[in-house]
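Novice: Attaching a single structure in structure tokens format; questions to follow.
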Amino acid sequence: MRPAEYTPEEIVQAGEALQAAGRNVTGFALRQKVGGGNPTRLKQVWDDHLARSSVTEAEPVAELPVEVAEELATVSKALTERLAALAVELSDKAVKAAERRVGEVVRAAGEQHAAELKQVRADTAAAAKEHQVAAQRAEQEQAALRSELAQANTRAERAEAKAGEIERRAGELRTELDRAHQDAD
Numbered sequence: 007m008r009p010a011e012y013t014p015e016e017i018v019q020a021g022e023a024l025q026a027a028g029r030n031v032t033g034f035a036l037r038q039k040v041g042g043g044n045p046t047r048l049k050q051v052w053d054d055h056l057a058r059s060s061v062t063e064a065e066p067v068a069e070l071p072v073e074v075a076e077e078l079a080t081v082s083k084a085l086t087e088r089l090a091a092l093a094v095e096l097s098d099k100a101v102k103a104a105e106r107r108v109g110e111v112v113r114a115a116g117e118q119h120a121a122e123l124k125q126v127r128a129d130t131a132a133a134a135k136e137h138q139v140a141a142q143r144a145e146q147e148q149a150a151l152r153s154e155l156a157q158a159n160t161r162a163e164r165a166e167a168k169a170g171e172i173e174r175r176a177g178e179l180r181t182e183l184d185r186a187h188q189d190a191d
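Be aware that the sequence shown starts at 7, since it is given in my numbering, and climbs by one per residue.
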């Protein structure tokens, strides 16, 4: 930005001259009076000057008659008491509303917790049932395997006994065969 060519004092003097001439003080009127410049800036400087110089002087206030002053004091006191009572009433209503909301939130949270707990219990019961069924199946399979093992052991014992019998019989037959060979020689 380039520096301002016109000082605030020049702008204020131009504005006062316009007022003295009975003209409205606008940005363009100030521009004509000072001989140039940005109308927006000129008007802003003028408005700032007016804001600083428009301090209102307090006019002396006449005292109220005693009766009016007393009535005003009574009404002020009653109004203050009423406002205090309203503040307490509003506070009570706000507290009750907050307690009601908290109760609703707690109840909703309790219901949600109960529903979640119910779901967890149902899931746990279903999982326990599945484990129980799996355990029963495992026990049944184990019993079937034990039965098969017992049968296999029995068959193995019979096979061993039969093999022993066959071996004994084979020994007897060898002995007879050896005798028969000796007798034939």
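Even glycine gets a Cβ: it sits at the ideal position worked out from N, Cα and C.
1. Can you grab the Cα-Cα spacing for the pair Glu136 / Ala100, in whole Å?
2. Please classify Glu11: is it buried, with 16 or more other beta-carbons within 10 angstroms of its beta-carbon, or exposed?
3. Let's see if you can read the secondary structure: which residues bound the alpha helix (DSSP H) around Pro14?
4. Could you give the DSSP three-state label for Arg58: helix, strand or coil?
5. Rounded to the nearest angstrom, what separates Arg152 and Ala140 at their Cα positions?
6. In whole angstroms, what is the alpha-carbon distance linking Pro14 and Val51?
7. In whole angstroms, what separates the C-alpha of Val94 from that of Ala114?
8. Which first and last residues belong to the alpha helix (DSSP H) in which Asn159 is found?
9. What is the rounded straight-line gap between the Cα of Glu16 and the Cα of Ala68?
10. Need the endpoints of the alpha helix (DSSP H) that Arg29 sits in, please.
11. Is the distance from the Cβ of Gly28 to the Cβ of Leu48 below 8 angstroms?
Specialist: With the structure as the only source:
1. The C-alpha of Glu136 lies about 53 angstroms from the C-alpha of Ala100.
2. Exposure of Glu11 is indicated by the presence of fewer than 16 other C-beta atoms within 10 angstroms of its C-beta.
3. Counting along the chain, Pro14 sits inside the alpha helix (DSSP H) bounded by residues 14-26.
4. Arg58: helix per DSSP, three-state reduction.
5. Cα to Cα, the separation comes out at about 18 angstroms.
6. Cα-Cα distance, rounded: 6 angstroms.
7. Between Val94 and Ala114, the C-alpha separation is close to 30 angstroms.
8. In this chain, the alpha helix (DSSP H) harbouring Asn159 covers 72-190.
9. Cα to Cα, the separation comes out at about 42 angstroms.
10. No residue range can be given for Arg29, since it is assigned to no alpha helix (DSSP H) and is classified by DSSP as neither H nor E.
11. Contact: no.
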